[in-house]
Amino acid sequence: MEWYEQARAAKQIRDWDTAIALVSAHAECYSADYHAHDSHLWHMRLLVCAERFTELTELALTDVHARRRLNGSLHERGMDEALRHRAEGGDSGALYRLVRLLGETGRLQQAWEAVRSLAPQDEYAHRLVAELRTDPGGQEHPPPCGTSDHVAPNQAAHRPTSAPRA
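68 is the number that my numbering gives to position 64 of the sequence shown; each next residue is one higher, with no gaps.
Pasting the structure below:
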């Protein structure tokens, strides 16, 4: 059994320690090897599924993928205070997620106040509030943690050599 098959099996039974250890050993952010970069993205998804927010927060200081996953997870869990704290620290992605969360939960005035107090010059944040006033829907839904959301590395290499490529 290949490492990624073992990791996928560990994920299915929610053995996060094993899955994370297997995947992180093959992960490299912005690697020229797209399999290593894909493993890095998978590693970030596994950290969210395992609810390892402390580790994600540490990685988010220098890793844009960790930052996006962390902010997305806080948004999905309705953790507006945590997003506000991150936005106060200068994380614009957290601000945008905070604005969306407040808008989705009918707190448009709070969304507007957050933009005015945290990033009054941020045109995109102002545009988000304006869009929420006209269309409060539009939520994103990533795959749940129990589903298979990862394509195995080297999948193309496992095709028979005689098979035509599409």
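Just so it is clear, CB atoms sit at the ideal spot from N, CA and C, and this is done for glycine as well.
Since the model is a prediction, treat every value here as computed from it, not as a measurement.
Asked, Found
"Reduced DSSP category for P146 - H, G, I as helix; E, B as strand; rest coil", "Only weak support is given to the placement of P146: the predicted model assigns it a pLDDT of 49, under 50, and the question is left unresolved by the model."
"Expected contact under 8 Å - CB spacing of H79 and M48 to nearest Å", "In fact, because the Cβ distance is near 15 Å, the residues do not count as touching under 8 Å."
"Inter-residue spacing [alpha-carbon to alpha-carbon] between T61 and L105", "19 Å"
"Classification of A115 by the beta-carbon crowding that lies within 10 angstroms, buried from 16 upward", "buried"
"For E6, three-class secondary structure by DSSP", "coil"
"Cα-Cα separation between R101 and H39, rounded to whole angstroms", "29 Å"
"Distance between C53 and H44 (C-alpha atoms, nearest Å)", "14 Å"
"Buried or exposed (CB count within 10 angstroms, at least 16 for buried), S121", "exposed"
"Where A36 falls, given that 16 or more other Cβ within 10 Å makes a residue buried", "exposed"
"Close beta carbons around A86, own chain, < 6 Å, minus the five adjacent residues each side", "L78"
"Candidates R81, E59 and G82, of which the one nearest R71 by Cα", "E59"
"Reduced DSSP category for L51 - H, G, I as helix; E, B as strand; rest coil", "helix"
"Same chain, Cβ closer than 6 Å to R90, neighbours up to 5 away in sequence not counted", "A98"
"Given L136 as reference, the closest of V103, S28, A29 and W7 once Cα atoms are compared", "V103"
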